[in-house]
Amino acid sequence: MLAPLSWLKEYVDIDVPAKELERLLFSVGFEVEELIELGKDISGVVVGEVKTCELIPDTHIHICSVDCGDKGTFQICCGADNVEVGGRYPVALVGATVYATAKDHVTIEGVMTIKKGKLRGVDSEGMLCSGVEIGVNEDMYEGGGYCGLLVLPKDAPLGADVKNIVGLDDYIFDIAITANRPDCQSIIGIAREVAAVLKKEFRMPALDYKTDGKPIDFNITVDAPDLCPRYIGHYVSDIEIGKSPAWMRRRLSMVGINSISNVVDITNYVLKEFGQPMHAFDLADLQNSEIVVRRANKGEKIVTLDEKEFELNENNLVICDGKRPVALAGIMGGLNSEIKDTTKDVIFEAAKFARDNVRKTSRALGQSSDSSSRFEKGVDEYSTQCGMARALHLICELGCGKVSPWHMEIAEKAEITPTQLKVSVEKMNGVLGIKVPDDEIVRHLCALGFEPKIDGDTLCVMVPPYREDIDGHVQDIAEEVIRSYGYDNIVPTFLESAKVTCGGLTAEQKTQNRVKKTLCSQGYYESMFYSFFSPKDLDMLRFAEDAKERKAIRIMNPISEDLSLMRTTLAPSMVNAAVRNLRRGNTAGRFFEIASIFEAESLPLTSYPREHKMLSISAFGDNETFFTFKGATESLAKEFGIKFSYEKGEKQYLHPGMTAKILCDGEEIGYMGRLAHDICDELAIEKPVFVAELDYEKLSPKFITNISYTPLPKFACEVRDLALVMDEAVTCHAVEDAILSACKFVTEVSLFDVYRSEQIGKGKKSMAFKLVFTPDDHEFTGEEIDGYVNRILKKLSYTMQIELR
Amino acid sequence: MMQEKIREIREEIEAKIDSFDSSRALYEFRKTFLDPKDGKISQLMKGMRDIPKEDRPAFGKIVNEIKEWAAARFDETDAKMKLIELDQKNKAEAVDVTMPAEMQNAGALHPDTLICNELIEIFAGMGFEVFEGAEIENDYYNFTALNTPKDHPARDMQDTFYVSEDFLLRTQTSAGQIHVMENKKPPIKILSPGKVFRSDDDATHSPMFSQMEGLVVDKGITLCDLKGMLDTFSKQIFGEDVVTRLRPSYFPFTEPSVEVDVSCFECGGKGCKLCKGTGWIEVLGAGVVNRHVLENCGIDPDEYSGFAFGMGVERIAMLKYGINNIKTLFESDVRFAKQFKS
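Residue numbers (my numbering), protein chains in the order written: chain Y, 348 to 1152; chain X, 12 to 353.
Structure representation (structure tokens):
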């Protein structure tokens, strides 16, 4: 919201500097995002009168002698076509800063400092300036838009700073307005807050007008009161379209609105001043002498002022005459009834349209305006009346038409009056936790227009009609009081009246932290990826058309197609991260992520989807093998006292010879493997990439998190190594199982070598295991252990054709 | 004759004893003389029986002399050689101590996790439990129950991703508040961390980010309690010297609503680049829970009151660690990840 300081000053006596006002507004909840100082870039420009003016022969340049009062008289060369003796112009003295313009004399290219110079060999001490060069346009100051010199009034004092004369000694506050204060989307709304914070009087702009126009036979009907709770129409005759006065053009210009004509400018002025969007229809274009506010018919069309055509439906509210739509309610008028230079009679409209309907129509049609964005924030009903009265006052003030007695107001609730609200002072202080003195409560609420009275514990206020955010509770009042009284008065306390509670993480949350720490200890870094991914990610990893991963929940309004599906697997994010790292020259990395995947019962979603926690792990780089990668899952198994078994598995995007199903207690909990060569080729990556994905919700209940002690064995363990020859197809796991089941004293079996040679034979391999024998009730003798070893070897030979090497 | 043999042995030993390059070879050479069975000196003793009885003591004496001499001579040479050998071995084994260590480098947690853990630790100590809600929420829990009905302009404060008419990606962890309050009666002290989503994508906004939300509901909870708790929290996370400031703001689910600023921990409030010259850094939003929100959860607002606060985890991480682009948090670049060892 833009609010010029000079405009605010019309309603409040502001006697503090702009910077201080910025701080004060901030302290009551209005953050000034930018304090724009109008003449910030301009300095050293004064009023000067041209005393003599001679043309340098064969050029368009004049040598002028310029009187700048107490600053002196200077010889200045000037190329402008409107320089003349006796004229007063802005003079940029040597050392002054002004805008540098391009050859077109309009485009500002930067700020320049004026130096002593020579033009065609003639000394020049300064520069005579155009409006653009000192930062004013035609609306800001009459003549400011001309590409020659800016002509100043004859009575402008010589040598005076030109900024004060053309109104560059002004500030514009760009204020962030919170969503609960739509009333402050207006200059008077801000002015009320300024008055309150400065404890000054707020002066309401004049709303009176004289009805000397002619009556008319005209009718308004509102067919959709749910979308239009209040509609006011007023007839103005004898319109004389012309230019609006300089003060009005200047103010509109400062808040970013171009002047069009007096009648249109009045509607825009009221929009900014009162926050009330207005519209003016050319009466001559309204058929059947009536206005009907209704939902559009399906397929109905309208061409708006900016000559865009829209096809409408019953979700759009339109203002119609007797036959056709003449405006898109709250958004933009129709081209068919716009104000023209020839317009003689207008119907002014001030209405309240439902904000969500304006928003929906605006979004659906892709059409917006200052008016629609104002309606979306919420216009209060009180402003519709004020806005209309103000517009009619301005018609009279500008003398550009005659206000007719014909006025029609259609509203559900006729009266707009302040509502009375009674709250307990004690309860209000109870919200804050401090006791605000009664006189302070009264002082601050009074400044905000609440007409407070305190009687014992009862605080009685009148809620101003423009404060639709106050919905009648003690917290509303507490907020108004503390905002104004000051948050610095809040004394920190530490839950004095609250019960002691027992906080902390649940066991499950603690376990998850331990899982993360365990993986970190193995060199893995925690990742966090977006919860959504791309359909292309599923293609990349070749998920079949009917794969469950394809049944992803789709975001209806994604930022892009690449961020449009809720993840159904974490693997693509991991692969993408590896690819991204490799492309950036990071040759190795290890990552893991714990995050949810989303499984819908049916699409589109009608109930909460299942959010299922998964653990994904990846490793890439030349030093990674299937077995270094297996270290990640095995470290988890070791840390949490569980046992994983691995079976050769299949996954469409993994290497067929390097994929494993991971099982725990016989239940499949995930898979791991190397990214398939052909996918690596497609992604143009040369390093091996390993990926695992585990069902964290199946896994975590299996973790053994309580510590249970087993007494130490009384007798020393014995270790034997066995090198065994077997068929290639026999897995390590099978041999280990067979050994363990053959002898109960073997407490540990571990592979330490694999060897293949001609001597051993084709299709065979030798695997060497270390066996640990733990005795129970006596020390083992060598013979005893030999006996156990023999028993094991016999079993291996008999059941699996495995022989001692 | 005997004297002759002894002289030969002595000369043979002297001739070669210093020519060996290892103590092992020296030992072999020594054995040719002193091996108890086959050594040349041991053999001499065997000649004793051919010596007349009366000459035997003298003979024995001579042989013993040469034996002792040889043993001493070999021991002395061996000791010297062992010293040399040890020196050589040490030299051969010497390492460049400046070469890199061999070890398993540990990984690290994500910066968001580090911040969340730190926050959880602080608030757990104050009696807060941790509740993690769902990422896909119902419109009611994300908005309506939080005093933001369908036509409310506050809905425009956040651009929402919808997945169906009624379901959306939660825009705020506050959605979890409602689930907690529906199922738990006061006293409530809940911290709820989680991912939230808004349709925003530029250098300072990410469509997904993390929030940490806190909620306290009990009898007689006031704005002063909120200030007290946030003071304590700010000091713990940003440093003892940090002070907090409340200023008015607006959230539909709290009233009064405040923005909470901390004094700049970089410059101490004098004004610097981090605080953009203001001396203050905005860290979170908070307020007294709006009575409509309590009512919506079946908690009597005339009996109980509460406060809530919420902060952006990435914002805290970026402030604390000096991360300049929010996007880097979701890219898992190795060079980024390695900087968050803790």
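The beta carbon of each residue, even a glycine, is placed where N, CA and C say it ideally should be.
Which partner residues does residue i have in the DSSP bridge list?
i: P364 (chain Y); result: The partner list for P364 (chain Y) (beta bridge, DSSP) is empty, contrary to what the question assumes.
i: I757 (chain Y); result: Y:Y578
i: K990 (chain Y); result: For K990 (chain Y), which the question treats as bridged, DSSP gives no partner whatsoever.
i: C425 (chain Y); result: Y:H409
i: A1063 (chain Y); result: Note: A1063 (chain Y) sits in no beta bridge, so no partner.
i: C807 (chain Y); result: Y:K769 and Y:K800
i: T265 (chain X); result: X:F262 and X:V300
If I follow the unbroken beta strand (DSSP E) through residue i, where does it start and stop?
i: Q222 (chain X); result: M219 to D229
i: L1079 (chain Y); result: The question names Leu, yet the displayed sequence has Cys at residue 1079 (chain Y). Note, C1079 (chain Y): premise wrong, no beta strand (DSSP E); alpha helix (DSSP H) at C1079 to A1089.
i: P111 (chain X); result: Where P111 (chain X) is concerned, there is no enclosing beta strand (DSSP E), given that its DSSP letter is neither H nor E.
i: T255 (chain X); result: T255 to F262
Since I believe residue j is in contact with residue i (beta carbons under 8 Å), could you give me their beta-carbon distance rounded to a whole number of angstroms?
i: L340 (chain X); j: P122 (chain X); result: 6 Å
i: L1071 (chain Y); j: R1152 (chain Y); result: 6 Å
i: I586 (chain Y); j: G748 (chain Y); result: 4 Å
i: G514 (chain Y); j: G442 (chain Y); result: Actually they do not touch by this definition, with Cβ atoms about 23 Å apart.
i: T708 (chain Y); j: I678 (chain Y); result: 6 Å
i: R1154 (chain Y); j: D486 (chain Y); result: Nothing can be reported for residue 1154 (chain Y), as the shown portion of chain Y is limited to 348 through 1152.
i: F657 (chain Y); j: V359 (chain Y); result: Not confirmed; about 42 Å, so no contact.
Suppose you measure from the CA of residue i to the CA of residue j; what does that come to, to the nearest Å?
i: T651 (chain Y); j: V602 (chain Y); result: 23 Å
i: G819 (chain Y); j: F797 (chain Y); result: 13 Å
i: P1035 (chain Y); j: D1084 (chain Y); result: 31 Å
i: A105 (chain X); j: P111 (chain X); result: 15 Å
i: T6 (chain X); j: D242 (chain X); result: Residue 6 (chain X) cannot be examined here, being either before or after the span of chain X that is shown, 12 to 353.
i: S203 (chain X); j: T1121 (chain Y); result: 50 Å
i: I95 (chain X); j: R84 (chain X); result: 17 Å
i: H1080 (chain Y); j: N970 (chain Y); result: 24 Å
i: L371 (chain Y); j: C425 (chain Y); result: 46 Å
i: F178 (chain X); j: G803 (chain Y); result: 49 Å
i: G187 (chain X); j: G321 (chain X); result: 12 Å
i: Q822 (chain Y); j: T934 (chain Y); result: 59 Å
Taking 7 Å as the cut-off, decide whether the C-beta atoms of residue i and residue j are in contact.
i: E997 (chain Y); j: A918 (chain Y); result: no
i: M913 (chain Y); j: F879 (chain Y); result: yes
i: Y578 (chain Y); j: V639 (chain Y); result: no
i: A350 (chain Y); j: I535 (chain Y); result: no
i: K563 (chain Y); j: W354 (chain Y); result: Lys is not the amino acid found at residue 563 (chain Y); the sequence shown has Ile there. In this structure, W354 (chain Y) does not lie closer than 7 Å to I563 (chain Y) by Cβ.
i: V693 (chain Y); j: Y556 (chain Y); result: no
i: G734 (chain Y); j: F621 (chain Y); result: yes
i: F991 (chain Y); j: T980 (chain Y); result: yes
i: N566 (chain Y); j: D632 (chain Y); result: no
i: F1127 (chain Y); j: S343 (chain X); result: no
i: I524 (chain Y); j: L475 (chain Y); result: no
i: I1032 (chain Y); j: V1101 (chain Y); result: no
i: G850 (chain Y); j: G138 (chain X); result: yes
i: R889 (chain Y); j: Y1000 (chain Y); result: yes
i: P956 (chain Y); j: I1026 (chain Y); result: no
i: V273 (chain X); j: F249 (chain X); result: yes
i: V862 (chain Y); j: C235 (chain X); result: no
i: E129 (chain X); j: G205 (chain X); result: no
i: S584 (chain Y); j: D612 (chain Y); result: no
i: D502 (chain Y); j: K510 (chain Y); result: no
i: E986 (chain Y); j: T865 (chain Y); result: yes
i: H1154 (chain Y); j: Y832 (chain Y); result: No answer is possible for residue 1154 (chain Y): it lies beyond the span of chain Y, which begins at 348 and ends at 1152.
i: I17 (chain X); j: I77 (chain X); result: yes
i: T399 (chain Y); j: R467 (chain Y); result: no
i: M459 (chain Y); j: A447 (chain Y); result: yes
For the alpha helix (DSSP H) that residue i lies in, which residues bound it at each end?
i: T124 (chain X); result: P122 to A135
i: R512 (chain Y); result: According to the sequence displayed, residue 512 (chain Y) carries Ile and not Arg. Per DSSP, I512 (chain Y) belongs to the alpha helix (DSSP H) from V509 to V513.
i: F244 (chain X); result: L234 to F249
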